[in-house]
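Novice:
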Amino acid sequence: MTHDDITADAVSGPGGTPPGPSAVRPATVDADAESTGRDTTPSPADAALPPELAPAALTLFGDRLDLAAAYAELLATDGVVRGLIGPREAPRIWDRHLLNCAAVAERIPSGATVLDVGSGAGLPGLVLAIARPDLTVTLIEPLARRTSFLIEVVERLGLARSVRVFRGRADEAASGSSGREPISGDVVTARAVAPLDRLAGWSLPLAVRGGRLLALKGSSAAAEIEEHAEVVARLGGGEPTVQLCGVGVIDPPTTVVEIVRERMVGPARPAAKKRARGGRSRRG
Numbered sequence: 011m012t013h014d015d016i017t018a019d020a021v022s023g024p025g026g027t028p029p030g031p032s033a034v035r036p037a038t039v040d041a042d043a044e045s046t047g048r049d050t051t052p053s054p055a056d057a058a059l060p061p062e063l064a065p066a067a068l069t070l071f072g073d074r075l076d077l078a079a080a081y082a083e084l085l086a087t088d089g090v091v092r093g094l095i096g097p098r099e100a101p102r103i104w105d106r107h108l109l110n111c112a113a114v115a116e117r118i119p120s121g122a123t124v125l126d127v128g129s130g131a132g133l134p135g136l137v138l139a140i141a142r143p144d145l146t147v148t149l150i151e152p153l154a155r156r157t158s159f160l161i162e163v164v165e166r167l168g169l170a171r172s173v174r175v176f177r178g179r180a181d182e183a184a185s186g187s188s189g190r191e192p193i194s195g196d197v198v199t200a201r202a203v204a205p206l207d208r209l210a211g212w213s214l215p216l217a218v219r220g221g222r223l224l225a226l227k228g229s230s231a232a233a234e235i236e237e238h239a240e241v242v243a244r245l246g247g248g249e250p251t252v253q254l255c256g257v258g259v260i261d262p263p264t265t266v267v268e269i270v271r272e273r274m275v276g277p278a279r280p281a282a283k284k285r286a287r288g289g290r291s292r293r294g
C-alpha cells in the first residue's frame, strides 16, 4: 500500500472533525510533577522496556521487538505531545498498553483481516500488526488529529503494506460512504471504546459471518455480559464469553469479551402502516 492509499482514506473520509492535519497540542501538565519541579517534557527514556518485562515482551513480539520499541518511543514522545497518551502513562506504556494488547493476538487466526474500532493511538490495532506480520489490519478512527498520528506511525514503522488507516466511524466503514466500498473483517477489536451493547452495535456489522468481536475489558467484563447479552443476541451475536489472554506470560492477563457473529442482522425497519379494507391507511 502506498502513502497515497493511506492518506486518501484518512483525509477524504468522514469523521468528527474537518479533514486536514491536526495541530500539535502541548502535553497536559502533571500537577504532581509541577509541584516538585520535575521536568515533564516527553522523553524517549520513558519508553524504555523495564528489565522485568523483557521476557514477556520477547515472547509476545519475538524478532519484531525492536519495532515494538520504536512504537513505544513514538507513543511516549509524539503521542504525549499530541494528547493521545497522558504524560503519566508514558512510563507504563509496556505493561499497561503494549503487552496488554499484544496478548490478544492468541485469539486471532493466522492470516486474518482485523478491523480496529476507535483505534486512537493505535491500541490494540497497531500493536497486533507489529506482533503478527501475517495479519492485515485496518485502523478505524474518526478524529483528524488521531488519524494524522496513525498515518505517520504506519509510515515510520514501515507497516504500510499490512496496515490501512480509515478515517470515519465504524458505521460508515460498515455501510460504505464517500464513494468507498463497505469493509468487513474476520476479527474486530476494540479497547476502552464503549459499553458492550453500544460496542456490539458498532462492531458486529463489521465482522463477517462466523467472525468475532474481541473487546478488551477490565473487571467489568462479566457484569457487562450479564447486562447486555440480550442486546448482543438481537444484533446477531452469539453468547459472549470472557477470555483471559497471556496467562503465564503477563500478570495480570488481558481480559477479553469475545462474541462470534452468528447471524447477519440488517438495520431495523420502520413498522408498516396498517391498512383498512379498501387499501386506505387507517387514521386515528
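For what it's worth, my numbering labels the leading residue of the sequence shown as 11, then goes sequentially.
Idealized CB from N, CA, C, for every residue including glycine.
What is the DSSP secondary structure of residue 170, reduced to helix, strand or coil?
Specialist: By one-based count along the sequence shown, residue 170 stands at place 160. Coil at residue 170, not helix or strand.
Novice: Would you mind stating whether residue 106 and residue 99 have Cβ atoms separated by less than 9 Å?
Specialist: As a first step, residue 106 is located in the sequence shown; it is residue number 96 there, counting from the start. As a first step, residue 99 is located in the sequence shown; it is residue number 89 there, counting from the start. It is a contact, given that the beta carbons lie within the stated cut-off.
Novice: Taking the beta strand (DSSP E) that residue 200 belongs to, which residues open and close that run?
Specialist: Reading the sequence shown from its first residue, position 190 is the one you call residue 200. Its beta strand (DSSP E) spans residues 195-201.
Novice: Can you tell which of 191, 232, 150 has its C-alpha closest to the C-alpha of residue 199?
Specialist: In the sequence shown, residue 199 corresponds to position 189, counting from 1. Comparing Cα positions, the closest option is 150.
Novice: Do the CB positions of residue 295 and residue 134 come within less than 9 Å of each other?
Specialist: Not covered by the structure: residue 295. The range shown for the chain is 11 to 294.
Novice: Look up residue 261 in the DSSP assignment and say whether it is helix, strand or coil.
Specialist: As a working mapping, residue 261 is identified with position 251 in the sequence shown. Coil.
Novice: Around the C-beta of residue 138, are 16 or more other C-beta atoms found within 10 angstroms, so that it is buried, or is it exposed?
Specialist: For the purposes of this step, residue 138 is taken as the residue at position 128 of the sequence shown. With 16 or more other Cβ atoms within 10 Å, it is buried.
Novice: If I follow the unbroken beta strand (DSSP E) through residue 147, where does it start and stop?
Specialist: To locate residue 147, count along the sequence shown from 1; it is residue 137. Unbroken beta strand (DSSP E) run through residue 147: 146-151.
Novice: Near residue 71, what residues of its chain come up, given a Cβ to Cβ distance below 7 Å and the 5 sequence neighbours on each side ignored?
Specialist: The count along the sequence shown starts at 1 and reaches residue 71 at position 61. Cβ neighbours of residue 71 beyond the five flanking positions: 78, 112, 140, 141.
Novice: So residue 246 and residue 216 are supposed to be a Cβ contact under 8 Å. How far apart are they, rounded?
Specialist: For this step, residue 246 is matched to residue 236 along the sequence shown. For this step, residue 216 is matched to residue 206 along the sequence shown. Contact flag wrong, Cβ pair sits at about 12 Å.
Novice: Roughly how many angstroms lie between the CA atoms of residue 63 and residue 212, to the nearest whole one?
Specialist: Counting from 1 along the sequence shown, the entry for residue 63 is found at position 53. Counting from 1 along the sequence shown, the entry for residue 212 is found at position 202. Whole-angstrom Cα-Cα distance: 34 Å.
Novice: Am I right that residue 193 and residue 125 are in contact with their C-beta atoms under 8 Å? What's the rounded C-beta distance?
Specialist: On the sequence shown, position 183 is the one that residue 193 refers to. On the sequence shown, position 115 is the one that residue 125 refers to. Indeed, because the Cβ distance is near 7 Å, the residues count as touching under 8 Å.
Novice: Under 7 Å Cβ to Cβ from residue 186, same chain only, skipping five residues before and after it: list those, please.
Specialist: What you label residue 186 is simply residue 176 of the sequence shown in a count that begins at 1. Answer for residue 186: 192, listed in chain order.
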